[in-house]
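Sequential numbering from 1 applies to the sequence shown in the UniProt record's numbering.
Ideal placement from N, C-alpha and C gives every residue a C-beta, glycine not left out.
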Amino acid sequence: MADFQNCDSCISSPLELFERVTAQGEKVRSLKAEKASTDEIDAAVKLLLSLKVKYKAATGQDYKAGSPPVDFSPMSNNGPTTALDEDFVDPWTVQTSNAKGVDYDKLIVRFGSSKIDKELINRIERVTGKTPHHFLRRGIFFSHRDMNHILDAYENKKPFYLYTGRGPSSDAMHVGHLIPFIFTKWLQEVFNVPLVVQLTDDEKYLWKDLTIEKASEYAVENAKDIIACGFDINKTFIFSDLDYLGMSPGFYKNIAKVQKHVTFNQVKGIFGFTDSDCIGKISFPAIQAAPSFSSSFPQIFKDKKDIQCLIPCAIDQDPYFRMTRDVAPRIGYLKPALLHSIFFPALQGAQTKMSASDPNSSIFLTDTPKQIKTKINKHAFSGGKDTIEEHRKYGGNCEVDVSYMYLTFFLEDDDKLEKMKQAYTSGALLTGELKKVLIETLQPLIAAHQQRRKQITDEMVKQFMTPRKLAFDF
Ligand code: TRP
Numbered sequence: 001m002a003d004f005q006n007c008d009s010c011i012s013s014p015l016e017l018f019e020r021v022t023a024q025g026e027k028v029r030s031l032k033a034e035k036a037s038t039d040e041i042d043a044a045v046k047l048l049l050s051l052k053v054k055y056k057a058a059t060g061q062d063y064k065a066g067s068p069p070v071d072f073s074p075m076s077n078n079g080p081t082t083a084l085d086e087d088f089v090d091p092w093t094v095q096t097s098n099a100k101g102v103d104y105d106k107l108i109v110r111f112g113s114s115k116i117d118k119e120l121i122n123r124i125e126r127v128t129g130k131t132p133h134h135f136l137r138r139g140i141f142f143s144h145r146d147m148n149h150i151l152d153a154y155e156n157k158k159p160f161y162l163y164t165g166r167g168p169s170s171d172a173m174h175v176g177h178l179i180p181f182i183f184t185k186w187l188q189e190v191f192n193v194p195l196v197v198q199l200t201d202d203e204k205y206l207w208k209d210l211t212i213e214k215a216s217e218y219a220v221e222n223a224k225d226i227i228a229c230g231f232d233i234n235k236t237f238i239f240s241d242l243d244y245l246g247m248s249p250g251f252y253k254n255i256a257k258v259q260k261h262v263t264f265n266q267v268k269g270i271f272g273f274t275d276s277d278c279i280g281k282i283s284f285p286a287i288q289a290a291p292s293f294s295s296s297f298p299q300i301f302k303d304k305k306d307i308q309c310l311i312p313c314a315i316d317q318d319p320y321f322r323m324t325r326d327v328a329p330r331i332g333y334l335k336p337a338l339l340h341s342i343f344f345p346a347l348q349g350a351q352t353k354m355s356a357s358d359p360n361s362s363i364f365l366t367d368t369p370k371q372i373k374t375k376i377n378k379h380a381f382s383g384g385k386d387t388i389e390e391h392r393k394y395g396g397n398c399e400v401d402v403s404y405m406y407l408t409f410f411l412e413d414d415d416k417l418e419k420m421k422q423a424y425t426s427g428a429l430l431t432g433e434l435k436k437v438l439i440e441t442l443q444p445l446i447a448a449h450q451q452r453r454k455q456i457t458d459e460m461v462k463q464f465m466t467p468r469k470l471a472f473d474f
């Protein structure tokens, strides 16, 4: 945070005002403790009172120590006052009362990001000369920050790199976990750029009931699934925080820089931490922020501190990167650009994200063809009608039908998808028939993934996870 001097023009947000009131309160307390002169104390108290008045004018609330104005902060999203019928999205919770899922347009407004519109998709096509991935065409990656900077840089032959990650909370990954990686692989191919993948085993150790050893083990198992997505070993560095942090002074220095420039009040406002959260959680956001800066990877970028970063991720990770973007210019770095995806719905419906701990909430990468079939037939929420007669008459509702939603993720053929949508909506296609198409799409896809994963040796994992120069000269 900037120095909170007596400078009105410095105040740009209620959060800063809050910080100033807090700092001034502390100053008054220490002046009293130091038994400073009455004049000095009176002046400080006067300033404190005037700041409190300004705070109230800006927020409509009385200043309360320890409670930052989260719903006014430009970096925060879900204030404690979030209405019950509003969607709630943060890195740990995704809740909506709407069967169609989260209202993503509203989220764009609330998070202050930009929509990936037709114009941007066309520009990506023009710049790369490649057909945009169906995740872009179908609004699965729907929001961004500064993607136009990345395209400008690319057109001017300036390098950039990709950064994404995964929190390894178990060895069972489900199909939803693949979405950012499938898309990242496409980005790596069309732009031909380096990729770093962060495995936050430290995060999962801090948040879950896991030992350090278990978390590290999951990191390696998850790395295999990530590698099986087809990343180029010469262009990809995968790292586990628990390992890499101790090996890389560049990484740790950036973590410390971020830590120095974000206050406890800010992370409370952004992530909802409370006084009883362990200090590991409170400082963790700096660890997820640091890979956004190229100097965290000197083995790849040498001494270059200004290689722009592009982060494909699910929208629930945005709070980390709003924080990162806020800090970046203050520590002399470029803000990372972002591409946000919608959530992959649970089989039971789009109200919530899938959970790796409920085996029936999703299709796992280890499921057999039979399990896939049974799960979809038994658990995939249907937008069809109760009886065949009614369905034929009124048609099904694709907007809430999970099998249809899954097909938008995994059926690449646009024509076929559109035909099925029409047939389902008109009632010509029954739920069972739609489910059959999904089953036949997912079974070979997962079998192929299992096949590729089987070929990945420990030696290959080790190679991907060794800090090294990649096939790019910086
Ligand atoms: N926190 C993320 C998770 O729990 C993992 C992660 C770390 C990540 N760095 C990232 C995800 C960058 C996307 C982009 O899954």
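* Asked: When DSSP labels each residue in this structure, what does Ala337 get in the three-state scheme?
  -> Here Ala337 carries a strand assignment [DSSP, helix/strand/coil].
* To do: Would you mind stating whether Pro194 and Leu162 have Cβ atoms separated by less than 9 Å?
  => Yes, they are a contact pair.
* Asked: Just the Cα atoms here: how many angstroms apart are Glu40 and Leu31?
  -> When rounded, the distance between both Cα atoms is 8 Å.
* To do: Mind reading off the beta-carbon distance from Tyr404 to Leu434? Whole number of angstroms is fine, and I expect it under 8 Å.
  => With a Cβ gap of about 6 Å, Tyr404 and Leu434 count as contacting.
* Asked: So Phe183 and His133 are in contact, right, with Cβ under 8 Å, and what is the actual spacing, rounded?
  -> The pair is a contact, with the Cβ atoms about 6 Å apart (cut-off 8 Å).
* Asked: How should Arg322 be labelled, buried or exposed, when 16 other C-beta atoms within 10 angstroms of its C-beta is the threshold for buried?
  -> Buried.
* Val258 and Val197 closer than 9 Å at C-beta -> Contact: no.
* Are the stretch 167-187 and the stretch 278-286 in contact at 8 Å, needing three or more beta carbon pairs? -> Taking a cut-off of 8 Å on C-beta distances, the stretch 167-187 does not touch the stretch 278-286, as fewer than three cross pairs fall below it.
* Asked: Which class does Gln371 belong to by DSSP, given the choice of helix, strand or coil?
  -> In the structure shown, Gln371 sits in a helix (DSSP, three-state: H, G or I).
* Asked: CB of Gly167 to nearest heavy atom of the ligand SAM: below 8 Å?
  -> Of the ligands one can find in the structure shown, namely the ligand TRP, none is the ligand SAM.
* Would Leu442 pass as a contact of Ile376 if the rule is Cβ separation under 9 Å? -> Cβ atoms of Leu442 and Ile376: closer than 9 Å.
* To do: Below 6 Å CB to CB, which residues in the same chain sit around Gln5 once its five sequence neighbours on both sides are set aside?
  => At Gln5, the pLDDT of 32 sits below 50, so the modelled position is not reliable and the matter cannot be decided from this model.
* Asked: Ordered along the chain, which non-local residues of its own chain (more than five positions away) have a Cβ less than 6 Å from that of Tyr320?
  -> These residues qualify, in order along the chain: Pro285 and Gln288.
* Asked: Which residues in the same chain have their Cβ closer than 6 Å to the Cβ of Gly396, if we skip the five residues on either side of it in sequence?
  -> Contacts found: Gly383, Gly384 and Tyr424.
* Between which two residues does the beta strand (DSSP E) carrying Arg330 extend? -> For Arg330, no beta strand (DSSP E) segment is defined, and its DSSP state is neither H nor E.
* Asked: Touching or not, the stretch 49-56 and the stretch 295-302, by the rule of three or more beta carbon pairs under 8 Å?
  -> Flag = no, the stretch 49-56 and the stretch 295-302 do not touch.
* Asked: If you draw a straight line from the C-alpha of His391 to the C-alpha of Tyr406, how long is it?
  -> Approximately 21 Å between the Cα atoms of the pair.
* To do: Using only alpha-carbon positions, find the residue among Ala350, Thr408, Asp62 and Asp232 that is nearest to Gln95.
  => For the residues Ala350, Thr408, Asp62 and Asp232, the minimum Cα distance to Gln95 belongs to Ala350.
* Asked: Along the chain, which unbroken stretches of the alpha helix (DSSP H) at least 4 residues long are found entirely within the stretch 212-249?
  -> For the stretch 212-249, whole alpha helix (DSSP H) runs of length 4 or above, ordered along the chain, are 212-227 and 241-244.
* Quick one: what does DSSP say Tyr163 is sitting in, helix, strand or coil? -> Strand at Tyr163.
* So, Phe237 versus Pro444, is the Cβ gap smaller than 9 Å? -> Cβ atoms of Phe237 and Pro444: not closer than 9 Å.
* Asked: Taking one C-beta from the stretch 267-280 and one from the stretch 448-463 each time, how about it: are there three or more such pairs within less than 8 Å?
  -> Contact between the stretch 267-280 and the stretch 448-463 is not established, with fewer than three Cβ pairs separated by less than 8 Å.
* Under a CB-based cut-off of 9 Å, is Pro467 close to chain D? -> Absence of chain D from the displayed structure is noted, only one protein chain being present.
* Asked: When DSSP labels each residue in this structure, what does Arg145 get in the three-state scheme?
  -> In the structure shown, Arg145 sits in a strand (DSSP, three-state: E or B).
* Taking the runs of the alpha helix (DSSP H) that are 4 residues or longer, which of them lie wholly in the stretch 344-431? -> List check, alpha helix (DSSP H) in window: 369-379, 388-394, 402-410 and 414-426.
* Asked: Nearest to Lys46 by CA position, among Tyr63, Gly25 and Lys64, is which residue?
  -> The residue with the shortest Cα to Cα distance from Lys46 is Gly25.
* Taking DSSP as the reference, what is the three-state secondary structure of Ser276? -> Coil at Ser276, not helix or strand.
* Asked: Taking the alpha carbon of Ile311 as the point to measure from, which residue in Thr164, Asp367 and Val21 has its own alpha carbon closest?
  -> Per the Cα distances, Thr164.
* Member of Glu399, Lys462, Gln463 and Ala471 whose CA lies at the smallest distance from the CA of Asn98 -> Of the candidates Glu399, Lys462, Gln463 and Ala471, Glu399 places its Cα closest to the Cα of Asn98.
* What did DSSP end up calling Tyr63 once you bin it into helix, strand or coil? -> In the structure shown, the three-state DSSP call for Tyr63 is coil.
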